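Numbering (the working numbering), first residue to last: 3 to 299. The C-beta atom is built at its ideal place from N, Cα and C for all residues, glycine as well. Just so you know, these numbers come straight off a predicted model, no measurement behind them. Take a look at the structure below.
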């Protein structure tokens with residue numbers, strides 16, 4: 003049964019920066035199975051905003067792996083690289099409202115400022131839910147006019163969300179609906195606490211978007227009513243819920259499924275050289291055996 007009025011629409015959204023592994027297979031299978039149970043729609047999105055790492059041969063590999071697993075999206079994929087103008091327009095709307103600003107501090111400068119503050123106070127610098135240090139500089143440390151001048155002069159920059167100003171636009175605390183247990187499970191309202199992320203990056207000089215911005219834009223554009231993804235993105239949903247509020251986008255229902263871990267208890271990832279589906283296929287593993295390994299029969 004659908005959790006919202008209207009059709010059930012969900013999506014699988016891999017990045018073509020490497021070959022898919024068992025964690026991707028699990029997420030794709032959970033999404034497609036939920037759509038089929040609800041007689042809804044299962045879509046594919048190619049999240050390829052990182053031009054330095056994403057390659058068309060990896061996208062072809064995604065298609066090959068999904069076909070091997072007999073997973074068939076309902077329609078052609080949406081490629082983020084084809085929608086930069088839409089992301090830039092949304093970013094411009096936020097900038098016109100005074101909610102984003104260009105920041106020029108390098109990663110090295112940020113790290114040195116964090117270490118200096120920790121040495122001065124004897125206390126650890128606040129971290130975001132992923133463990134990264136919160137941006138240690140205040141927007142007010144430089145005037146908007148000075149920032150505009152540096153940006154016009156070609157200085158490297160990122161566009162950061164002014165979290166304090168963004169939160170001030172709320173009439174009430176934000177929350178999202180989380181399906182418990184399964185994508186069709188009972189709904190729980192989860193309080194959104196985006197302040198824990200500080201002034202997050204929404205775009206870079208060379209790319210007019212970020213994961214946070216593009217994912218909420220894409221979900222709205224594709225009519226996604228149910229976002230089914232890994233538990234590693236649970237905390238990031240607070241930022242996404244805030245952006246949906248700021249951009250007047252409809253919030254979907256969320257379900258964050260379990261992660262597939264390696265023997266050391268770590269999440270499978272491309273960066274840690276998790277065994278790819280292509281390698282398993284080459285070793286003679288069958289799609290049914292993949293489902294058995296993932297406890298999806």
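Helix, strand or coil at residue i [DSSP, three-state]
i	result
residue 23	strand
residue 7	Because residue 7 carries a pLDDT of 45, less than 50, the predicted location of this residue cannot be relied on, and no value is offered for it.
residue 137	coil
residue 177	strand
residue 360	Outside the modelled stretch of the chain, which goes from 3 to 299, sits residue 360, for which no answer is possible.
residue 163	strand
residue 271	coil
residue 17	coil
residue 57	coil
residue 172	coil
Continuous beta strand (DSSP E) stretch holding residue i: start and end
i	result
residue 251	Per DSSP, residue 251 belongs to no beta strand (DSSP E) and is neither H nor E.
residue 232	228-232
residue 203	203-206
residue 222	Premise fails: residue 222 lies in the alpha helix (DSSP H), 213-223, not in any beta strand (DSSP E).
residue 193	189-193
Boundaries of the alpha helix (DSSP H) in which residue i is found, first to last residue
i	result
residue 150	146-154
residue 48	That residue, residue 48, is in no alpha helix (DSSP H); its beta strand (DSSP E) goes 43-48.
residue 282	279-284
residue 295	289-295
Backbone CA spacing between residue i and residue j [nearest angstrom]
i	j	result
residue 181	residue 232	13 Å
residue 261	residue 152	43 Å
residue 202	residue 210	14 Å
residue 38	residue 224	18 Å
residue 57	residue 123	45 Å
residue 256	residue 155	42 Å
residue 103	residue 272	32 Å
residue 301	residue 285	Because the chain is modelled from 3 through 299, residue 301 falls outside the range shown and cannot be assessed.
residue 134	residue 238	13 Å
residue 164	residue 140	9 Å
residue 126	residue 289	47 Å
residue 145	residue 116	22 Å
residue 212	residue 65	24 Å
residue 16	residue 111	32 Å
Same chain, Cβ closer than 6 Å to residue i, neighbours up to 5 away in sequence not counted
i	result
residue 73	30 and 34
residue 21	63, 278 and 280
residue 196	240, 241 and 244
residue 137	200 and 201
residue 190	180 and 182
Chain-order list of residues whose beta-carbon lies under 8 Å from that of residue i (same chain, five-residue window excluded)
i	result
residue 218	242, 245, 246, 249 and 251
residue 169	196, 197 and 244
residue 80	45, 46, 47, 48, 220, 223 and 224
residue 292	24, 27, 71, 279 and 282
residue 93	102, 161, 204, 205, 210, 211 and 215
Contacting residues, own chain, Cβ-Cβ under 7 Å from residue i (five flanking each side not counted)
i	result
residue 6	Residue placement at residue 6 cannot be trusted, given a pLDDT of 46 that sits under 50; the coordinates are not used to answer.
residue 84	none
residue 234	261 and 269
residue 9	42 and 43
residue 236	258
residue 76	43, 44 and 45
Proximity test, residue i beta-carbon vs the ligand MN heavy atom, cut-off 8 Å
i	result
residue 99	Ligands displayed in this structure: none; no statement on the ligand MN is therefore possible.
Uninterrupted beta strand (DSSP E) stretches inside the segment 68-123 (no shorter than 3 residues): The beta strand (DSSP E) runs of length 3 or more contained entirely in the segment 68-123 are, from start to end of the chain, 102-105.
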